Every structure is written in C-alpha cells, then in structure tokens.
Amino acid sequence: MNNTDLIHLIKRFMRNEHKAVEEVIDSPLSEVANLIKILQSCQGKVVFIGVGKSGIIARKLAATFASTGTPSFFVHGTEAVHGDLGMVAKDDVVILISNSGETAEILATLPSLKKMGNYLISFIRSHHSSLAISCDLSVEIPVKSEADNL
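When you line the sequence shown up against my numbering, it's residues 97 to 246, in that order.
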C-alpha cells in the first residue's frame with residue numbers, strides 16, 4: 097500500500113469517527129443527563145463490570161474515573177460471579193457494559209447486585225436487551241458500524 101492509499105484510508109476512518117460523534121451529539125441525551133445526576137449523588141464507589149472488549153472499555157473507564165477523583169474500580173464479569181462481587185458495597189453504583197446486552201456472565205451478576213440493592217446502570221446497544229430491561233437506567237450507545245482495520 098502506498099502513502100496515497102494509506103492517507104485515503106486514514107481520512108475515511110477519521111470521517112467515519114467524526115460521523116459517529118455527530119450522531120451521538122444529535123441524539124437525545126436525557127439518559128446521559130440522568131447518568132450524571134446519579135453519579136454526582138453516589139455515596140459509594142462507581143463499579144464497572146464487563147467482559148471481552150466491553151471489559152477493556154469498563155477497565156479504562158474505571159481508571160479514568162479514579163484518576164479524576166471519583167472512587168471507582170473494575171470487576172471482570174467472569175470473576176464477579178465467582179466471588180469478586182464481595183468488593184461491591186450497597187452504596188456503590190454499578191455500571192454494566194455489554195454491547196449485546198445478553199452477555200451471560202454479565203446477566204449472571206444481576207441477582208446478587210439486585211439483592212444488595214445497588215443502583216444498576218447499563219451501557220448497551222439496545223434498550224430491548226435483557227440487561228437494559230433489568231437495570232435502573234440504561235444508556236443506549238448505538239453502534240451502526242465499527243472501525244475497520246487498516
């Protein structure tokens with residue numbers, strides 16, 4: 097691949113990313129406003145749970161929140177159902193991240209989290225998913241396309 101072709105691919109990628117950001121900006125942001133209010137009133141920590149690529153995103157969000165002054169941590173969804181939910185306290189807000197909203201490991205955490213009384217938030221692709229329906233607040237993050245590899 098020559099430089100001209102590579103530059104064309106880079107520009108196409110950047111235009112697609114720009115379009116995705118514009119779509120989010122143009123979407124109703126009431127869920128995000130509610131999310132911010134909940135996080136501002138949180139008396140405990142913000143716990144992020146995910147597996148796979150969603151787990152990587154959850155881990156990064158937990159690190160970003162912690163480094164900007166919001167007490168938070170990450171729990172891998174698989175480890176959560178094997179004892180690591182013991183780190184979660186009743187005053188914690190739990191954000192569960194799943195692209196499909198049907199990830200078995202994430203759904204398996206719900207009974208314990210509900211029993212503890214945590215406020216549950218999902219970041220999902222569709223409000224019609226099992227995870228979205230089970231949470232107190234769901235923030236829909238529609239993904240129309242994902243970045244291609246160069």
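Beta carbons are placed, not taken as given, at the ideal position from N, Cα and C, and that holds for glycine. In this text the structure is predicted, and so the values were computed from the model without any measurement.
Secondary structure of residue i, DSSP reduced to three states
i: L192; result: strand
i: S225; result: coil
i: E118; result: helix
i: I153; result: helix
Cβ-Cβ distance between residue i and residue j below 7 Å
i: I202; j: G173; result: yes
i: V235; j: R221; result: no
i: G140; j: D188; result: yes
i: N70; j: L233; result: It is not possible to answer for residue 70, since the shown part of the chain is limited to 97 through 246.
i: V177; j: N214; result: no
i: L227; j: G197; result: yes
Inter-residue Cα distance where the pair is residue i and residue j
i: I237; j: K210; result: 23 Å
i: K133; j: F109; result: 34 Å
i: V142; j: N112; result: 31 Å
i: C138; j: S218; result: 16 Å
i: K186; j: I103; result: 51 Å
i: H223; j: E127; result: 11 Å
i: M183; j: V171; result: 9 Å
i: H114; j: S194; result: 23 Å
Among the options, nearest to residue i - alpha-carbon criterion
i: A158; options: F169, S126, G151 and G148; result: F169
i: G151; options: L135, A162 and L192; result: L192
i: F55; options: G148, F144 and E175; result: Here the chain covers residues 97 to 246 and nothing more, so residue 55 does not appear.
Exposure of residue i, with buried meaning 16 or more beta-carbon neighbours within 10 Å
i: A154; result: buried
i: N121; result: The question names Asn, but residue 121 in the sequence shown is Ile. It is exposed - the Cβ of I121 has fewer than 16 other Cβ atoms within 10 Å.
i: V147; result: buried
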